[in-house]
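S.K.:
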Amino acid sequence: MINLEKGLSFEEYMKNKEELRERYSNTELSIGAKESIKELKEGRQVLIFTEGYCKDCTATLPFIKRLEEENSLIKLHVFGIKDQEDNRNFLEEAVGEVRIPSILVFDDEMNPKGVYIEIPKEIKEKIASAPLEKKRIYVDEYREGRYNDLIEKDLLEILI
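Residue numbers for the sequence shown follow our numbering, so the first one is 484 and each next one is one higher.
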């Protein structure tokens, strides 16, 4: 199991990540997401595997932080993977692959509740069957914020 004490807080992680701070400041949850996350009545330990250079991380991480702000039972723990063999090994063992962002949700007894890997499921499905040029368009649109509702949906599913 991974040592949660070695994880950074979201604020510590954001210190030198201007693009992430900007994206976070412009990210708002939908009213439905705010209402849904407030219904969570049990603690959640959320392990976030990320790197500052990752545009998919920049698109997704502000949402998990905003959800945490709506419910104090959610605790975020941020881990890098570059030059962090232990973290990569944990991720490989836990989900079968090393991709970022990977967001693993556990209850307070560290029982797994859900996983979000890289991009929303619906976008993964579209990309899987699309021609190369359309794949690039989906990725660009995702990174520009056109599928923020899908990020919210997938994160809520693994938290609640």
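Heads up, the beta-carbon is just placed ideally off N, CA and C, and yes, glycines get one too.
Note that this is a predicted model, so its numbers are computed, not measured.
Do the CB positions of Tyr668 and Ile641 come within less than 7 Å of each other?
M.R.: The chain is shown only over 484 to 643; residue 668 falls outside these bounds and no answer can be derived.
S.K.: Confirm, please, whether the CB-CB distance from Gly579 to Val588 is below 7 Å.
M.R.: Going by C-beta atoms, Val588 is not nearer than 7 Å to Gly579.
S.K.: In whole angstroms, what separates the C-alpha of Gly628 from that of Ala542?
M.R.: Rounded to the nearest angstrom, the two C-alpha atoms are 7 Å apart.
S.K.: Could you check whether the stretch 545–564 touches the stretch 614–625, counting it as contact only if at least three pairs of C-beta atoms, one from each stretch, sit closer than 8 Å?
M.R.: Cβ pair count under 8 Å is below three, so no.
S.K.: Residue ranges of each beta strand (DSSP E) run of no fewer than 3 residues wholly in the stretch 528–597, ordered along the chain?
M.R.: The qualifying runs are 557–563 and 585–590.
S.K.: Keeping to the same chain, check which residues put their C-beta closer than 8 Å to that of Lys517; ignore five residues upstream and five downstream.
M.R.: Counting only Cβ-Cβ distances below 8 Å, and skipping sequence neighbours, we find Glu553.
S.K.: Closest to Lys604 by CA distance: which of Asn572, Asp637, Ile557 and Ile531 is it?
M.R.: Residue Asp637 is the option with its Cα nearest to Lys604.
S.K.: According to DSSP, Ile600 sits in a beta bridge with which residue or residues?
M.R.: Its beta-bridge partners are Ser585.
S.K.: Which whole-angstrom value is the C-beta distance of Glu635 and Ser513, which I expect to be below 8 Å?
M.R.: Between Ser513 and Glu635 the Cβ distance is about 6 Å, and since that is below 8 Å, they are a contact.
S.K.: Indicate whether at least one CB of chain B lies closer than 7 Å to the CB of Thr510.
M.R.: Annotation note: the requested chain B is absent from the structure, which comprises a single protein chain.
S.K.: In the DSSP assignment, what residue or residues form a beta bridge with Leu491?
M.R.: Paired residue(s): Val561.
S.K.: Could you please give the first and the last residue of the uninterrupted alpha helix (DSSP H) stretch that includes Ile643?
M.R.: Neither: Ile643 is in no alpha helix (DSSP H) and is coded neither H nor E.
S.K.: Smallest Cα separation from Met497: which of Lys548, Ile485 and Ile610?
M.R.: Checked all of Lys548, Ile485 and Ile610; the closest Cα to Met497 is Lys548.
S.K.: Do Ile606 and Tyr630 count as a contact pair if the criterion is CB distance below 7 Å?
M.R.: Result yes, Cβ atoms of Tyr630 and Ile606 sit closer than 7 Å.
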